[in-house]
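*Asks:* Got a structure for you, questions after.
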Amino acid sequence: MYDVCIVGGGIAGSSLAYYLAPEFKVCVVEEKGLDGVGKKPCPGAVQKSWFRGFSPEDFGAVGRRVRNMRLSAGGRSLRVGFDGYVINRHRLCRGLLEAAFAEGCDWVRGKAEPSFRDGVDHVRADKKRIEANVYVDASGSSAVLRRHYLPNRRGMFVLGCMETVDGGDGSDELDIYLLNHGETGWVFPAEHSTNIGYVKAGVRGLDLGRKLRSFKREVGLDGTRMLDRGYGLIPSYRPIRLVHDNLVAIGDAGFTVNPITCGGIGPSITVANMLAENLGRGEDLDVFEAEYRKSLGNKFEKFYRINHVLREAWLPLWWAAGAYYGDNLLSKLLKGLLRL
Ligand SMILES: Cc1cc2nc3c(=O)[nH]c(=O)nc-3n(C[C@H](O)[C@H](O)[C@H](O)COP(=O)(O)OP(=O)(O)OC[C@H]3O[C@@H](n4cnc5c(N)ncnc54)[C@H](O)[C@@H]3O)c2cc1C
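One gets the numbering used here by counting positions in the sequence shown from 1 and adding 7 to each.
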């Protein structure tokens with residue numbers, strides 16, 4: 008019998024395992040092998056201030072140190088400042104998990120299948136039956152446990168398409184292009200390459216691939232060699248209740264993601280830390296739920312509401328605010344909203 012069973016060894020699950028392993032009997036269930044953890048089409052931009060108790064530098068997981076973010080819209084650009092990293096997601100997750108294993112955390116490689124009776128009864132994976140006092144759904148957008156209470160629906164996610172292309176100019180700047188009607192493109196520096204991506208709400212994969220190709224042309228990267236390409240679901244839903252009986256959903260499974268930027272790495276780590284501290288103090292899980300609401304959930308709820316307005320009217324708002332307030336105040340406002 009474990010204290011905590013964590014389903015998913017991505018950013019949220021590996022951070023939680025790292026925080027809990029010194030004090031608790033923990034088991035991580037992950038369908039990918041240790042060589043695959045953290046790998047997904049996500050460029051991994053994250054602000055330094057989100058990290059608690061560890062840094063990507065501790066695990067050799069800094070893909071690129073980043074010092075600036077430039078937002079461009081309608082031919083006009085604004086620098087809003089960014090103190091953080093483009094992380095190597097795989098190295099970070101693997102490093103966190105290996106540190107947890109060294110503290111006695113167990114690992115089951117397999118696809119988790121939960122059984123419910125008055126909450127989660129047990130989880131099955133690799134023909135093993137895993138029982139725990141608390142089950143944590145950190146399985147990302149597949150949300151294998153949370154979906155029992157709140158099934159995934161259309162509109163809860165947007166689709167992103169990302170390519171890794173050869174080369175990079177050694178830039179320390181994240182480039183984000185705000186296009187109209189919820190279309191956003193990015194060009195982020197990576198370790199020895201560049202990540203270029205495109206997101207649009209409500210668009211299917213084929214169209215998104217086409218849009219990414221024309222965005223590449225627009226930013227002058229169409230001649231580059233493609234090393235990798237992938238699609239991924241990004242939660243863009245309102246904050247939900249994370250605790251259901253003995254189940255807690257964190258990371259993408261719990262929509263602990265900034266609904267405007269879709270930045271979920273930092274919030275996943277922060278929420279994992281809050282949960283670990285709550286369990287460490289032996290408090291009721293409802294106390295954790297209330298703390299999450301107060302620190303991040305209420306803010307994300309507001310962001311969720313204004314997201315629809317921003318999505319449809321980025322360009323006119325951008326120009327009006329710039330003309331009226333001037334770029335300094337505009338950049339301060341954006342800094343608050345766009346914390347990745
Ligand atoms: C295109 C794109 C761009 C993004 N860009 C950024 C960005 O620049 N900055 C940022 O902060 N965020 C970004 N995000 C969001 C970020 O990737 C997520 O918020 C973050 O990875 C959430 O971590 P997680 O641990 O919840 O989920 P994941 O990292 O998805 O991990 C889930 C884990 O659960 C495992 N799993 C799933 N089902 C099962 C099962 N049944 N049994 C066992 N294991 C299972 C998976 O194998 C995986 O390892 C982006 C996302 C996408 C798709």
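C-beta: ideal position from N, C-alpha, C; glycine also. Since the model is a prediction, treat every value here as computed from it, not as a measurement.
Do you know how far the Cα of F262 is from the Cα of D6?
*Replies:* Because residue 6 is not part of the residues shown, which for the chain are 8 to 347, the question remains open.
*Asks:* Spell out a yes or no on whether the segment 131-140 and the segment 50-70 are touching, meaning 3 or more CB-CB pairs, one atom from each, closer than 8 angstroms.
*Replies:* At 8 angstroms Cβ cutoff, the stretches do not touch.
*Asks:* Going by beta carbon distance, what residues of the same chain come within less than 8 angstroms of V44, once the five residues before and after it are set aside?
*Replies:* As a first step, residue 44 is located in the sequence shown; it is residue number 37 there, counting from the start. Here the set comprises G16, G17, S21, E37, H97, C100, R101 and L104.
*Asks:* Would you mind stating whether V14 and W114 have Cβ atoms separated by less than 7 angstroms?
*Replies:* The residue you call residue 14 lines up with position 7 of the sequence shown. The residue you call residue 114 lines up with position 107 of the sequence shown. Cβ distance not < 7 angstroms, so V14 and W114 don't count as in contact.
*Asks:* Apart from the five residues on each side of it in sequence, which residues of its chain come closer than 6 angstroms, Cβ to Cβ, to P121?
*Replies:* The sequence position of residue 121 within the sequence shown is 114, counting from 1. Excluding positions up to five away in sequence, the list reads V127, V130 and L152.
*Asks:* Going by DSSP, what residues sit across from G167 in a beta bridge?
*Replies:* The count along the sequence shown starts at 1 and reaches residue 167 at position 160. Partner(s): V206 and G239.
*Asks:* Is A109 buried or exposed, if buried means 16 or more other CB atoms sit within 10 Å of its CB?
*Replies:* Numbered from its first residue, the sequence shown carries residue 109 at position 102. By the 10 Å Cβ count, A109 comes out exposed.
*Asks:* Return the CA-CA distance between I94 and R71, expressed in angstroms with no decimal places.
*Replies:* Here the question's residue 94 lines up with position 87 in the sequence shown. Here the question's residue 71 lines up with position 64 in the sequence shown. Cα to Cα, I94 sits roughly 7 angstroms from R71.
*Asks:* Do you know how far the Cα of L27 is from the Cα of Y299?
*Replies:* To locate residue 299, count along the sequence shown from 1; it is residue 292. To locate residue 27, count along the sequence shown from 1; it is residue 20. Cα-Cα distance, rounded: 18 angstroms.
*Asks:* Quick one: residues in its chain with C-beta nearer than 8 angstroms to the C-beta of L228, no 5 flanking neighbours on either side, listed in chain order?
*Replies:* Indexing the sequence shown from 1 puts residue 228 at position 221. Cβ neighbours of L228 beyond the five flanking positions: V172, V194, T201 and I203.
*Asks:* Within the same chain, show all residues whose beta-carbon is closer than 7 angstroms to that of V226, passing over the 5 residues directly before and after it, in chain order.
*Replies:* Here residue 226 refers to the residue found at position 219 when the sequence shown is read from its first residue. Once the five neighbours on either side are set aside, the close Cβ partners of V226 are V194.
*Asks:* Just curious, the beta strand (DSSP E) that S122 is in, first and last residue?
*Replies:* Taking the sequence shown and counting its residues from 1, one reaches residue 122 at position 115. Segment E120 to F123, the beta strand (DSSP E) holding S122.
*Asks:* Beta carbon of I18: closer than 6 angstroms to some heavy atom of ligand 1?
*Replies:* Position 11 of the sequence shown holds residue 18. It does: the Cβ of I18 is within 6 angstroms (strictly closer) of some heavy atom of ligand 1.
*Asks:* Could you say which of E296, S178, D42 and G304 lies nearest to H199 if we only look at CA atoms?
*Replies:* The residue you call residue 199 lines up with position 192 of the sequence shown. Residue S178 is the option with its Cα nearest to H199.
*Asks:* Is the separation between the beta-carbon of A19 and that of G258 shorter than 7 angstroms?
*Replies:* Your numbering for residue 19 matches position 12 in the sequence shown. Your numbering for residue 258 matches position 251 in the sequence shown. Yes, the Cβ-Cβ distance between A19 and G258 is below 7 angstroms.
*Asks:* Measuring only the C-alpha atoms, how far is G277 from Y9?
*Replies:* Counted from its first residue, the sequence shown places residue 277 at position 270. Counted from its first residue, the sequence shown places residue 9 at position 2. Reading off the sequence shown, one finds Thr at residue 277, where the question assumed Gly. Computed Cα separation, rounded: 23 angstroms.
*Asks:* To test your reading of the DSSP string, which unbroken alpha helix (DSSP H) runs of 4 or more residues are found completely within the segment 87-121?
*Replies:* 96-109
*Asks:* Can you list, in chain order, the residues of its chain with a C-beta nearer than 8 angstroms to that of G271? Leave out the 5 residues immediately preceding and following it.
*Replies:* For the purposes of this step, residue 271 is identified with residue 264 of the sequence shown, where counting begins at 1. Answer for G271: I18, I241, P242, G258, D259, T263, V264 and N265, listed in chain order.
*Asks:* Check whether the Cβ atoms of R245 and E190 lie closer than 7 angstroms to each other.
*Replies:* Counting from one through the sequence shown, the residue named residue 245 turns up at place 238. Counting from one through the sequence shown, the residue named residue 190 turns up at place 183. No, the Cβ-Cβ distance between R245 and E190 is not below 7 angstroms.
*Asks:* Does the Cβ-Cβ distance between G239 and E30 come in under 7 angstroms?
*Replies:* Residue numbering aside, residue 239 sits at position 232 when the sequence shown is read from its first letter. Residue numbering aside, residue 30 sits at position 23 when the sequence shown is read from its first letter. Contact: no.
*Asks:* Is it buried or exposed, E170, if we count other Cβ atoms within 10 angstroms and call 16 or more buried?
*Replies:* In the sequence shown, counting from the first residue as 1, residue 170 sits at position 163. Its Cβ being crowded by 16 or more others within 10 Å, E170 is buried.
*Asks:* Go through its chain and collect everything with a Cβ distance to A106's Cβ below 6 angstroms, but skip five positions before and after it.
*Replies:* Stepping through the sequence shown from its first residue, residue 106 is reached at position 99. So the qualifying residues of the chain are Y25.
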